[in-house]
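Enquirer:
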Amino acid sequence: MKLEAITLRELHMPLKYFFETSFGRTESRRVLLVTAHCEGIDGWGECVAGEGPFYSYEWIETAWETVRDFLAPALLAAKVERGKDGAELMARVRGHNMAKAALENALWDAEAQQQQQPLWRLLGGTLSQIACGVSIGIQNSHEQLLEKIETELAAGYQRIKVKVKPGWDLEVLTKIRNRWPDIVLSCDANSAYRPADLDRLRKFDDFNLLMIEQPLWDDDIFHHAKLQRELKTSICLDESVRHVRDAEQAIELGACRIVNIKVGRVGGFSEAIGVHDLCQQHGIPVWCGGMLETGIGRAHNVALSTLANFRLPGDVSASKRYWTEDIVEPEIEVSLRGTIARKDQPGRGYEIRKDLIEKLTVRTETIRSGAAKVSSLG
Ligand code: OSB
Ligand code: MG
186 MKLEAITLRE LHMPLKYFFE TSFGRTESRR VLLVTAHCEG IDGWGECVAG EGPFYSYEWI
246 ETAWETVRDF LAPALLAAKV ERGKDGAELM ARVRGHNMAK AALENALWDA EAQQQQQPLW
306 RLLGGTLSQI ACGVSIGIQN SHEQLLEKIE TELAAGYQRI KVKVKPGWDL EVLTKIRNRW
366 PDIVLSCDAN SAYRPADLDR LRKFDDFNLL MIEQPLWDDD IFHHAKLQRE LKTSICLDES
426 VRHVRDAEQA IELGACRIVN IKVGRVGGFS EAIGVHDLCQ QHGIPVWCGG MLETGIGRAH
486 NVALSTLANF RLPGDVSASK RYWTEDIVEP EIEVSLRGTI ARKDQPGRGY EIRKDLIEKL
546 TVRTETIRSG AAKVSSLG
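Residue numbers for the sequence shown, in the working numbering: 186 to 563.
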């Protein structure tokens, strides 16, 4: 298997419901897909960069240009053959992990097809099904949030995570716990608090939360370690774990007891496996985060979540929660027990709906070896 060309593609896909976090509201996604063309096999990857630089500094425009001008040419010049070789070839580019992950994962996706192996097995997975939770954004009213939780519990999800920020936190959690004293509940602040909010954060201990995710700055480990010493509730880090060394630092400093792994945030499957393994060695459970993915990124998240230390329910949920029509067939479906069964056929196990992708595409560009760039807009 040799990489011959890479296609970038932008799709516009409205979300069924808006998704709001402490850093803003998303109504519609600009989705960046990459295709790795490898001697008749197409591997697909999804770049999880957002519409603006709010979750991290990356966004769809930086990802597109970084892939086009630096990452894709580096892979094409090397005639890369395996997913796991991608990271090293792209290491000259600093950061831009979501751009890198889209490419590396497309290579793994191609490799799994070529090897006639399920992607989960290629990644080293063992679990036959994965445990699913949902992440529920900030709503227009408390009532609306409670209704959403009710719907997701009825659908069988094993864990409810709600987004919090100052003013949408203690009262909301009180109402949830009054209604459902025993559900597995967690919250995600996306960096909405500061150490000066300690008194407020201490009150989170009253709600028997599975965790509080990323309460402080997106790039911080040190102050999370200080905060964890003050809280009964386990801290889970998301934004501030960008690679294995961050995880190492966080664990050694005691900055968290749980780690959220997002394959885009850490730069691809290889690094995600590295973070997984490190956490496993230290007895730190991990779970798979979500970034409002289409079926392609979602299928990859399912495959990754079969690794043994994904012991807590992730944010990987059914396609129909996000999209009227997903771009894979079948769509990602969740059982009434809140699980997704792994797919045992070769590759990612979900077919690409090329016609639908074509219909949703607003721009595409193909990069070939030898810098002969073919581009088109439309
Ligand atoms: O912090 O986990 C997060 C979505 C966009 C950006 C950041 C986050 C999220 C989610 C959504 O929580 C998870 C999902 O349902 O895909
Ligand atoms: Mg998060």
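For each residue, glycine too, the CB sits at the ideal point set by N, CA and C. This one's a predicted model, so the numbers in the text were calculated from it and none came from an experiment.
Under DSSP, the alpha helix (DSSP H) around A647 begins and ends at which residues?
Expert: Because the chain is modelled from 186 through 563, residue 647 falls outside the range shown and cannot be assessed.
Enquirer: Alpha carbon to alpha carbon, what distance is there between S419 and G439?
Expert: Position 254 of the sequence shown, counted from the start, is the residue given in the question as residue 439. Position 234 of the sequence shown, counted from the start, is the residue given in the question as residue 419. Cα to Cα, G439 sits roughly 10 angstroms from S419.
Enquirer: Leaving out five residues on either side along the sequence, give the residues of the same chain with a beta carbon under 7 angstroms from the beta carbon of G318.
Expert: As a working mapping, residue 318 is identified with position 133 in the sequence shown. Same-chain partners within the cutoff: Y342, Q343, R344, I345, K346, P498, G499, D500.
Enquirer: Given a cut-off of 8 angstroms on the beta-carbon distance, is the pair R362 and F389 in contact?
Expert: One-based indexing of the sequence shown puts residue 362 at position 177. One-based indexing of the sequence shown puts residue 389 at position 204. Taking 8 angstroms as the Cβ cut-off, R362 and F389 do not qualify as a contacting pair.
Enquirer: Please confirm whether E518 has its beta-carbon closer than 8 angstroms to some beta-carbon of chain D.
Expert: Looking for chain D here will not work: only one protein chain is present.
Enquirer: What are the uninterrupted segments assigned as beta strand (DSSP E) that are 3 or more residues long and contained completely in the region 229 to 304, given in chain order?
Expert: DSSP runs (the beta strand (DSSP E)) wholly in the region 229 to 304: none.
Enquirer: Measuring only from the beta carbon, is D511 closer than 7 angstroms to any heavy atom that is part of ligand 1?
Expert: The residue labelled residue 511 in the question sits at position 326 within the sequence shown. No - ligand 1 has no heavy atom lying nearer than 7 angstroms to the Cβ of D511.
Enquirer: Per DSSP, what are the beta-bridge partners of H348 in this structure?
Expert: To locate residue 348, count along the sequence shown from 1; it is residue 163. Just to set this straight, residue 348 is Lys in the shown sequence, not His. Answer is D373, bridged to K348.
Enquirer: When the Cα of P199 is compared with those of W508, E332, I517, which residue comes out closest?
Expert: Locating residue 199 in the sequence shown gives position 14, where the first residue counts as 1. The option with the nearest alpha carbon to P199 is W508.
Enquirer: Going along the chain, which unbroken runs of the beta strand (DSSP E) with 3 or more residues stay wholly within the region 486 to 563?
Expert: Listed in chain order, they are 524 to 526, 546 to 553, 558 to 562.
Enquirer: In its own chain, which residues sit with a C-beta less than 8 angstroms from the C-beta of Q434, not counting the 5 before and 5 after it?
Expert: Residue mapping note: residue 434 aligns to position 249 of the sequence shown, counting from 1. Cβ within range, chain order: I406, A440.
Enquirer: Per the DSSP calculation, E195 is bridged to which residue(s)?
Expert: As a first step, residue 195 must be located in the sequence shown, where it is residue number 10. For E195, which the question treats as bridged, DSSP gives the partners L217, R548.
Enquirer: When burial is assigned at 16 or more other CB atoms within 10 Å of the CB, is S504 buried or exposed?
Expert: What you label residue 504 is simply residue 319 of the sequence shown in a count that begins at 1. When all chains shown are included, S504 counts as buried.
Enquirer: Using the Cβ count rule (16 or more neighbours within 10 Å means buried), how would you classify V547?
Expert: Residue 547 sits at position 362 when you count from the first residue of the sequence shown. Classification for V547: exposed.
Enquirer: Using the rule of at least 16 other Cβ atoms within 10 Å of the residue's Cβ for burial, across every protein chain shown, is L401 buried or exposed?
Expert: As a working note, residue 401 is residue 216 in the sequence shown. Buried is the call here.
Enquirer: For a test of the three-state rule: what should DSSP assign to E388, helix, strand or coil?
Expert: One-based indexing of the sequence shown puts residue 388 at position 203. Before going on, a small fix: residue 388 reads as Lys here, not Glu. Here K388 sits in helix by DSSP.
Enquirer: Counting C-beta neighbours from all protein chains within 10 Å, is the total for T220 16 or more, i.e. buried, or is it exposed?
Expert: In the sequence shown, the residue the question calls residue 220 occupies position 35. With 16 or more other Cβ atoms within 10 Å, it is buried.
Enquirer: Do you know how far the Cα of T491 is from the Cα of S313?
Expert: As a first step, residue 313 is located in the sequence shown; it is residue number 128 there, counting from the start. As a first step, residue 491 is located in the sequence shown; it is residue number 306 there, counting from the start. Going by the C-alpha atoms only, they are around 7 angstroms apart.
Enquirer: Report all residues from its chain with a CB closer than 7 angstroms to the CB of L562; omit the five preceding and five following residues, and keep chain order.
Expert: Taking the sequence shown and counting its residues from 1, one reaches residue 562 at position 377. Reliability fails at L562, whose pLDDT of 43 lies under 50, so the model's placement of it is uncertain and the value that follows must be treated cautiously. So the qualifying residues of the chain are R548.
Enquirer: With burial defined as no fewer than 16 other Cβ atoms inside 10 Å of the residue's Cβ, what is the status of E337: buried or exposed?
Expert: By one-based count along the sequence shown, residue 337 stands at place 152. Label assigned to E337: buried.
Enquirer: Would L188 and L308 qualify as a contact pair, given that the criterion is a beta-carbon distance under 8 angstroms?
Expert: Your numbering for residue 188 matches position 3 in the sequence shown. Your numbering for residue 308 matches position 123 in the sequence shown. No.
Enquirer: Tell me whether T211 sits in a helix, a strand or coil according to DSSP, three-state version.
Expert: On the sequence shown, residue 211 is found 26 positions in, with the first residue counted as 1. Strand at T211.
Enquirer: Kindly indicate which three-state DSSP category K360 falls into: helix, strand or coil?
Expert: Numbered from its first residue, the sequence shown carries residue 360 at position 175. Residue state, collapsed to three classes: helix.
Enquirer: Could you round the C-beta distance between A484 and V513 to whole angstroms and report it? I think they count as a contact, below 8 angstroms.
Expert: Taking the sequence shown and counting its residues from 1, the one referred to as residue 484 is at position 299. Taking the sequence shown and counting its residues from 1, the one referred to as residue 513 is at position 328. Contact holds; Cβ gap of about 6 angstroms.
Enquirer: Reducing DSSP to helix, strand and coil, say where L422 ends up.
Expert: The residue given as residue 422 occupies position 237 in the sequence shown. Correct three-state label for L422: strand.
Enquirer: According to DSSP, is H222 helix, strand or coil?
Expert: Here residue 222 is taken as the residue at index 37 of the sequence shown, counted from 1. If DSSP states are grouped into helix, strand and coil, H222 belongs with the strands.
Enquirer: In whole angstroms, what is the alpha-carbon distance linking I334 and I321?
Expert: By 1-based counting over the sequence shown, the position of residue 334 is 149. By 1-based counting over the sequence shown, the position of residue 321 is 136. Taking the straight line from one Cα to the other gives about 8 angstroms.
Enquirer: Less than 8 angstroms separating the beta-carbons of L386 and L412?
Expert: Here residue 386 corresponds to residue number 201 of the sequence shown, with the count starting at 1. Here residue 412 corresponds to residue number 227 of the sequence shown, with the count starting at 1. Contact flag set, yes.
Enquirer: Can you tell me where the beta strand (DSSP E) with I458 in it begins and where it stops?
Expert: The residue labelled residue 458 in the question sits at position 273 within the sequence shown. That residue, I458, is in no beta strand (DSSP E); its alpha helix (DSSP H) goes 454 to 466.
Enquirer: So does L217 have its beta carbon nearer than 7 angstroms to some heavy atom of ligand 1?
Expert: As a position in the sequence shown, residue 217 is number 32, starting the count at 1. L217 Cβ: outside cutoff for every heavy atom of ligand 1.
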